[in-house]
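J.: Okay, here's the structure, questions in a sec.
Residue numbers (our numbering): 678 to 992.
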């Protein structure tokens with residue numbers, strides 16, 4: 678959504694922590710004020726907002742190139758999208774209408790009306806699932822867009838406002854929170870937040886205060902998510918992994934790297950000594966002394982490096 682950062686308070690709760698692992702990346706139009714992102718089969722669609730420049734486009738997921746697009750009238754502020762039965766449903770911010778658009782021609786073939794603001798939209802095959810910038814998510818009838826039921830999103834007993842872009846996957850809703858660098862996984866039945874996924878590892882450009890996360894599209898063929906944002910120059914295909922598991926794997930990798938590095942050096946040196954002893958039998962005391970001093974030096978260096986690393990962690 679388009680809001681002022683001055684009034685936004687960001688706090689991170691204690692939901693199970695996950696991280697984003699990038700599988701691949703592609704280009705993204707850095708002039709796009711992204712509002713919605715959606716995969717339909719192997720096709721990728723994106724909506725962009727702002728009065729006077731709102732659009733709907735089909736994008737090549739491999740290259741990021743725009744295949745085709747339509748622009749909307751200056752009085753339309755496009756928001757989130759979802760796709761069902763070969764039609765794209767596109768929300769508007771304050772215009773109180775959801776446009777029904779043919780997926781192949783991009784012709785507007787109808788609309789739904791609703792009260793309040795429109796932010797994010799997805800569907801679970803049985804109903805539309807919609808956010809309005811609050812902590813509430815509504816489930817709406819596929820035929821007339823009437824509200825069937827709603828849930829309030831709760832994380833550790835606290836309501837989570839500013840729910841924006843939505844993506845329905847199975848019995849879960851994935852949502853970004855406007856202005857935060859994370860995605861939450863929401864239980865569709867209870868509204869409870871079951872995962873908090875950080876995107877801090879993504880190196881996206883911040884050329885504007887509005888360059889925020891705002892695009893989540895699940896790719897079934899990859900079992901991963903395309904992620905982008907407003908004015909981002911890249912789209913990232915990511916998987917969400919347990920943060921504790923990622924830290925453990927990083928630690929193991931570093932330890933293995935260290936052992937490989939120094940073990941190979943020691944083995945090479947021992948081989949040289951053995952060869953030298955056989956070639957020059959009287960030289961073994963000399964090489965033994967060199968080996969002792971070298972090993973002592975490496976040990977002292979390792980100790981100093983470890984101390985420095987701990988000091989860096991403390992500060």
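Heads up, the beta-carbon is just placed ideally off N, CA and C, and yes, glycines get one too.
1) With a cut-off of 8 Å, do at least 3 Cβ pairs link the region 898-916 to the region 699-712?
2) Just mark residue 915 as buried or exposed, buried being the case when its beta carbon has 16 or more other beta carbons within 10 Å.
3) For residue 919, which residues from the same chain have a beta carbon less than 7 Å from its beta carbon, with the 5 sequence-adjacent residues on both sides left out?
4) Starting from residue 738, trace the beta strand (DSSP E) in both directions and tell me its first and last residue.
5) Taking only three categories from DSSP, how would you classify residue 766?
6) Measure the C-alpha to C-alpha separation of residue 864 and residue 831 and round it to an integer number of angstroms.
7) From the DSSP output, read off the bridge partner residues of residue 798.
8) Between which two residues does the beta strand (DSSP E) harbouring residue 719 extend?
9) Going by CA-CA distance only, name the one from 719, 711, 872 that's closest to residue 899.
10) From residue 734 to residue 799, what does the alpha carbon distance come to, in whole angstroms?
11) Which first and last residues belong to the beta strand (DSSP E) in which residue 903 is found?
12) What do you reckon, are the CB atoms on residue 875 and residue 861 nearer than 8 Å?
13) Would you identify the three-state DSSP class for residue 850, choosing helix, strand or coil?
14) With DSSP as the reference, please indicate the residues paired to residue 995 in a beta bridge.
T.: Let me spell this out:
1) yes
2) buried
3) 695
4) First-last for residue 738: undefined, no H or E at that position.
5) strand
6) 10 Å
7) 807
8) Element bounds for residue 719: n/a, residue is neither H nor E.
9) 719
10) 17 Å
11) 901-906
12) no
13) strand
14) An answer regarding residue 995 cannot be provided, because it is not within the stretch 678 to 992 covered by the chain.
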